Structures are given as C-alpha cells and as structure tokens.
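K.L.:
To start, I am sharing the structure in question, which I have written as structure tokens.
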Amino acid sequence: MSVPDSLSMPLAIECEDITKHYPHFMLRDVKLSFEQGSVMGLVGPNGAGKSTILRIVMGLIKPDSGSIKVLGYSMPNEQIAAKRNIGFVAEDMRLYESETIEFHINFIKSIFNSWDDQYAKKLLHRFDLKKEQKIKGMSHGQRIKAILLLALARRPNLLVFDEPTTGLDPVVRKEVLNEMMNSLEDETHSILFSSHNTLDVEQISDYITFIYDGRIIESRNKEDFMDGWRRLRLTNMNNVSLPNLSNIKEIQQSGRLCTVTLNNYENSIPEHFTNAGLQINNIERLTLEEIFLGNVAHAKGAGKEAIV
Amino acid sequence: MSNSIIAQLVKKDFLMTRNTIFIFCLITLASVAAIYMIFGHVPKVVFLNLGFTLLIAPAITCAIVLLMKTIVMEKQKSTQLFIMSLPLSIREFTTAKLLLNLPVFTIFWLGITAVAFYFSFGLGLFPYGSVPFITMIFLGIFVAYVVILSIAILYQSYGVTVITMLCAELGTPAYLWVIAYSEPINSHVYESHMVWNSPAIAIVATQILLIILVPLIAWHIQNKKRDFV
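Chains A and B, in that order, give the protein sequences. In terms of this note's numbering, the first sequence is residues 947 to 1254. In terms of this note's numbering, the second sequence is residues 91 to 319.
As structure tokens, this is what we get:
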C-alpha cells in the first residue's frame, strides 16, 4: 500500500515490494511512499517491523528484494549521498558517554557544511542543554534531545525518527514533537517517523501507515483515516441478522445491544442497518488508536483464516 | 567526500583515545627504562623473560584496549547507529577503524622491536645468527594482533574477541616453539652471522603476507555485509 495516488511534489521516500527474512521475523512486500514536504507516521506494535523498515530506508539493512529510493537516491547503494540530506534519530541510538555535547557538535560540524551554528545554539537553549555537559550524566530525555539537536542543526531535507518519544516524560515529549514540527520550515522538508504512540502520530502526521507482523495493513492520508472509520451503536430488538457489508471490521454483541466498527464509511451505510430492522442509537468517530486496534484485530483474523 | 569523512572518523576516534594512547606510551617508556636498569644486574634468563614481558605487555594491552574502545564498544554501546546515520557506508567505517588501530599498533610495534633488537644485538645479548628468529618472534606478535583486530572488526563482539585473544595467546608461544625447534632455523641461532636460508625467508614472507592479507580480507568481508546495525 502506498500514499498518495496523485502526487504534485517529488517523493521523499519510495519503497517497492521490500522483503526481508530473519529467522523469527519477516518483512513482507512493503510498499511505502510519500511526497516531500509531508509527515508520514508509521504505527505498529513492538516487533511489527517499524525499525527494520526505517533501517532499510537509511541503508543500514539491505532488503532481500525490492527497491528503495530516498530523496531520489537508490538505497543502500547511494546511501552516502542520501544521508547527506537525512537526519536520523532512534530511541536506541547512543552518543559517546565519555564525551560532551560540544565534542559531538564539533564532530558533526566537521562533516556537514550545512551545519547551522545559530540554530544549534537556539536548540541548546530551548532544550535546556549545556554544551559542556558530558553525555554520561544525562537523563534519557536529555540524550534524545542532544541527538535531536545533532540531527536538526545540520538542516537535513528528510528526518527519520525511530520511536523518538518512547520513554520520554510528557514535557520532554512535547518539546521533541514541537521541534520536529518546527523543522518542517518549508515544503521540501519531510519526516518519516515510527511510534507505537498513536497520539504522537495523530498530532503531527499527514499520512499514516499501520504495520503489523511485518506487513503494511493500511496506509492513507490522516483525514481519510479519521473520516473512513465509524462505530455504530445499534439495538437489535428482533434479533435480526446484520447486513452483509464488506466494510464491517468488527462486531460486538451484548444481548440486544450491538456495536459495529466499519471502515470506508459512507453516509448511505446507516440505511442498510435500519432497512434490516436495527435501531441506530449512535454513530461515533474513532480515535487513531481505536482505528489501529481495529486494523490489527482484522489483520489477525485474516492471518488466522489464511492459516486455516 | 568519503575520504574526508574517513579522516573525520579517524580524528574522532583518536581524540577519544589519545589519553589512553599517551598513558600507554608512558608505560612503554617506563618499561624500557626498567629493562635498561636491570640489564646486566640479573641473570640472563631472568632478564630475557622479564624484559620480553615488560616490553610487549604495554604495547599489546594498548592495542587491545584501543580496538575494544573503538571497534567492539561502538557496537556494544549502540554508538554505531549514530555513526552509521552519517554519510558513510560500511566501507568508510571499516577503513577508518583500520586506519586508526593499525598505525597506532605499528608505531608501538616498531618501537618495541627496535628496543628488542638494540638489547639483543646492539648490547650483544644474542649473536647475529638469532636475527631471523627474533624477527619471526616479533612478526608473530604482529600476525596475532592483525588476527585479533580483524576478528574484532568482523564480529564486534566481546566474547568472540576475547576468545580470539586467548587463542592468539596460546597459539603464539606454540608457533614460537615450533620454529625454535625447527632444525633449519635453530641450527643457525648461535652463529655469529645471519643466515637467511629459504625456510627462514619463507616463514618471514608468510608472516608479512598475513599481516597485509588478514586485514584486507576482513575489510573485504565486512564490505559484503548486508546488515550493519
């Protein structure tokens, strides 16, 4: 699956049919693309394959098959040129504990001509970091902020974040998310980020991709996601059968009360239920977390059916 | 571009380890001074054992600490992910690691080999007939080092590197015993002039070849890796 269908901007990332086998995990036929100037959020539970996809995008892991283009560069073969324009931050990334932030800044500065000293100073101030600070004494939040600073002040066109907010307290999380958004200063800057926190994704993404068990289960524009899913609360007085609609993703029945979760919702859908003799009590929008859980439940069911 | 990033990586690793290198330089100098002081004051057999240990221990320890800090710990402490997010590939990463570790050890090795040759032949500890044998001993140390360095680069694992060190520690004396008891070599050890017969030349040539080839092979295998984090 990929988004969007009609593109006006060049693609930031274009993954085609990526597969990667591990002894206990497999990434299957991943298709993922989004245009420059937008934010793509990759949502999935732990072990779904988010980090593997991001590392493949960074050229750090070579897929068994498929093709990847990042900012027009073919990965991993053109990773050196591509990574000049990418800032990568990962939750499990570490800086040198025995060294200071200044040491790291000087190191990155010596590699990137695009390094913005003024912006780096601003970020140090905003993140409440001191350049003389050694990494060793820092909290997890401070370390992530230091890594973020090193990625942002080089002014990359694409930012790739792997679970950047995991383990952060709400204050630091907000700071990190704000700075991620601030970095999108013009329409050529893009972000690809993964999280299992749907709130973060909902907050800053233009496009959302759900990944589960090494497969992309849905990938869409955020508005389409939020508009496409509904929950109908129904009363089934006469115990009639529910209409057979392909977009029903989940049914929960408790006595005469029935809850139906639907994807690709259209305004004509309630009529199918009323025509079948059901009374509609309420039509609710779903949160991104609920949509994700609905997707995962559906994917699990499909997986089981496939096995049977 | 990639050349400059290799230089920056080497510089970064050097800056992070310069204190260690400096301390081991001082220890090596202190060891040489100690060897000089005990020369002639202790029995020859004691001097040989003590002198050899004092001479090679700081150099070997420095080399091992350096490769642990710059290669093995890079992976163990997840700083490799930070480095690999920069505009470089496995090739540049591996080249930079070799370009720091190999020259530092080579400088130490040249220093201790020169000191060993000075005591052995300059001060008349051994006859010139021992030159091939002493050369083989010190080239053997270099071979053991490049094997440990190459394994550390390929696996970046404490366990595997320590096991390799252990094997090298056991293998080097075994190799020395083999050449010491090899007739074409030991028959000329007590002669007053050097004898570079074909077995001696073959052994030294093989050692030099291994010193060049082992890191190159490791570099080549490393570049073939599909996954690097």
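Even glycine gets a Cβ: it sits at the ideal position worked out from N, Cα and C. Quantities reported herein were computed from a predicted structural model and do not represent experimental measurements.
(1) What residue range does the alpha helix (DSSP H) around phenylalanine 172 of chain B cover?
(2) Give me the Cβ distance between phenylalanine 334 of chain B and cysteine 152 of chain B, rounded to the nearest whole Å; I'm assuming they're in contact under 8 Å.
(3) Give a yes or no on whether 9 Å exceeds the smallest Cβ distance from alanine 958 of chain A to chain B.
(4) Leaving out the 5 sequence neighbours to the left and right, which residues in its chain are closer than 8 Å to methionine 163 of chain B when beta-carbon positions are compared?
(5) Ignore the nearest five residues each way along the sequence and tell me which others in aspartate 1152 of chain A's own chain have a CB closer than 8 Å to its CB.
(6) Look at the Cβ atom of valine 221 of chain B, then the Cβ atom of glutamine 297 of chain B, and state whether they are nearer than 9 Å.
(7) Starting from arginine 1161 of chain A, trace the beta strand (DSSP E) both ways and give me its first and last residue.
(8) Check whether the Cβ of valine 963 of chain A lies closer than 9 Å to any Cβ atom in chain B.
(9) Below 9 Å between beta carbons: does that hold for glutamate 1235 of chain A and threonine 1207 of chain A?
(10) Please tell me whether glutamine 1025 of chain A has its Cβ less than 9 Å away from any Cβ of chain B.
(11) Near asparagine 1143 of chain A, which residues of its chain fall below 8 Å by C-beta distance, leaving aside the five closest residues on each side in sequence?
(12) On a Cα-Cα basis, can you pick out the residue from B:Ile311, B:Ile253, B:Phe216 that is closest to phenylalanine 403 of chain B?
(13) With a cut-off of 9 Å, does the C-beta of serine 94 of chain B fall near any C-beta of chain A?
(14) For threonine 31 of chain B, which residues of its own chain have a beta-carbon under 7 Å away from its beta-carbon, when the five flanking residues on both sides are left out?
(15) Going along the chain, which residues of its own chain have a beta-carbon closer than 6 Å to the beta-carbon of tryptophan 309 of chain B, five neighbours each way excluded?
(16) Closest by CA to threonine 1155 of chain A, which one among A:Lys996, A:His967, A:Met972?
(17) If distances are taken between C-alpha atoms only, which option among A:Val1186, A:Phe1219, A:Arg1161, A:Pro969 comes closest to leucine 1178 of chain A?
(18) Using a cut-off of 7 Å between C-beta atoms, extract the partners of lysine 102 of chain B located in chain A.
(19) Count the other C-beta atoms from every protein chain shown that fall within 10 angstroms of the C-beta of asparagine 313 of chain B, then say buried if there are 16 or more, exposed otherwise.
(20) Report all residues from its chain with a CB closer than 6 Å to the CB of isoleucine 1007 of chain A; omit the five preceding and five following residues, and keep chain order.
(21) Helix, strand or coil: which one does DSSP assign to glutamate 960 of chain A?
(22) Strictly under 9 Å for the Cβ-Cβ distance: is glutamate 1235 of chain A near chain B by that measure?
(23) What are the boundary residues of the beta strand (DSSP E) that includes asparagine 1227 of chain A?
(24) Grab the span of the beta strand (DSSP E) containing alanine 1036 of chain A for me, first residue to last.
(25) To be precise: take each residue of the stretch 994-1027 of chain A, compare its Cβ to all Cβ atoms of chain B, and keep it if any distance is under 7 Å. Which residues remain?
(26) Any idea if isoleucine 1253 of chain A is buried or exposed, counting beta-carbon neighbours within 10 angstroms, 16 or more meaning buried?
(27) Residues in the stretch 155-172 of chain B with C-beta within 8 Å of chain A's C-beta atoms, listed in sequence order?
(28) Checking the sheet assignment: what are the DSSP bridge partners for methionine 1021 of chain A?
(29) Put serine 92 of chain B into one of helix, strand or coil per three-state DSSP.
(30) Which value, in whole angstroms, describes the spacing of the CA atoms of serine 175 of chain B and phenylalanine 228 of chain B?
(31) Would you please verify whether the beta carbon of leucine 105 of chain B is less than 9 Å from any beta carbon of chain A?
(32) Could you give the distance in angstroms between the alpha-carbon of leucine 1114 of chain A and the alpha-carbon of methionine 127 of chain B?
(33) So who's on the other strand from phenylalanine 1139 of chain A, going by DSSP bridges?
(34) If valine 1035 of chain A sits next to isoleucine 959 of chain A, beta carbons under 8 Å apart, how far is it from one beta carbon to the other, in whole angstroms?
(35) Enumerate in chain order the residues of its own chain whose CB-to-CB distance from tyrosine 265 of chain B is below 8 Å, with the five nearest sequence positions on each side excluded.
(36) Within a Cβ cutoff of 6 Å, which residues of the same chain sit near methionine 955 of chain A, ignoring the five residues on either side of it in sequence?
P.N.:
By the coordinates alone:
(1) 169-174
(2) Because chain B here runs from 91 to 319, residue 334 of chain B falls outside it and cannot be looked at.
(3) no
(4) Thr169
(5) Phe980, Ser984, Val985, Met986, Asn1167, Lys1168
(6) no
(7) 1161-1167
(8) Checking the sequence shown, residue 963 of chain A turns out to be aspartate, not valine. No, no contact with chain B.
(9) no
(10) yes
(11) Thr1111, Thr1112
(12) A question about residue 403 of chain B goes unanswered here, because the residues of chain B that appear run from 91 up to 319.
(13) yes
(14) In the structure as shown, chain B starts at 91 and stops at 319, and residue 31 of chain B therefore has no counterpart that could be examined.
(15) Thr184
(16) A:Lys996
(17) A:Phe1219
(18) Phe1053
(19) exposed
(20) Arg1001
(21) strand
(22) no
(23) 1225-1231
(24) 1032-1036
(25) Arg1001, Met1004, Leu1006, Ile1007, Lys1008, Gln1025, Ile1026
(26) With a pLDDT of 37 at isoleucine 1253 of chain A, under the threshold of 50, the predicted position of this residue should be treated as unreliable, and no value is reported.
(27) Lys167, Ser168, Thr169, Leu171, Phe172
(28) A:Ile1014
(29) At serine 92 of chain B, the pLDDT of 45 sits below 50, so the modelled position is not reliable and the matter cannot be decided from this model.
(30) 39 Å
(31) yes
(32) 60 Å
(33) A:Gly987, A:Phe1107
(34) Actually they do not touch by this definition, with Cβ atoms about 16 Å apart.
(35) Gly230
(36) Glu981, Gln982, Gly983
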